[in-house]
Amino acid sequence: MSLTLVAILILSVLTAGMILTFIRLFRGPSLPDRIVALDLMVTLLIGIIATYAILNDQAAFLDVAIILALVSFLGTVAFAYYIERRV
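Heads up, the sequence shown is in full-length UniProt numbering, so the first residue is 1 and it goes up one at a time.
Structure, rendered in structure tokens:
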């Protein structure tokens, strides 16, 4: 299998996961469900960025993915702190 075919397969699976996560984000019955869905969307986006970086041989996009992961982690911690204080 060529790298392009594998990348297309990976991107299609990540896109399907993103669509299902959007559904959970909008239909989530509670705030923690929506936070987990938002965190999963960022994780899937990191996977899409990493796949694109490997496919096009652009290492700079991997730096963007790492920064996005760090910001996502901080956001998740902030939401967890908010939920803990709210209850």
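Yeah, the Cβ is synthetic: ideal placement off N, Cα and C, and Gly gets one too.
Under 8 angstroms between C-beta atoms of residue i and residue j
{"i": "I35", "j": "T4", "result": "no"}
C-beta neighbour in chain C for residue i, strict 8 angstroms
{"i": "I66", "result": "Among the chains of the structure shown, chain C does not appear; only one protein chain is present."}
Close Cβ partners of residue i (< 6 angstroms) along its chain, the five nearest in sequence each way excluded
{"i": "A7", "result": "T51, L55"}
{"i": "A53", "result": "F61, L62"}
{"i": "A59", "result": "none"}
{"i": "M18", "result": "L44"}
{"i": "A69", "result": "I46"}
Supposed close pair residue i, residue j - CB separation, criterion 8 angstroms
{"i": "L25", "j": "A37", "result": "4 angstroms"}
{"i": "I48", "j": "L14", "result": "5 angstroms"}
{"i": "L31", "j": "I83", "result": "7 angstroms"}
Same chain only: Cβ atoms within 7 angstroms of residue i, ignoring 5 sequence neighbours per side
{"i": "S72", "result": "D39, V42"}
{"i": "A16", "result": "none"}
{"i": "L11", "result": "I48, T51"}
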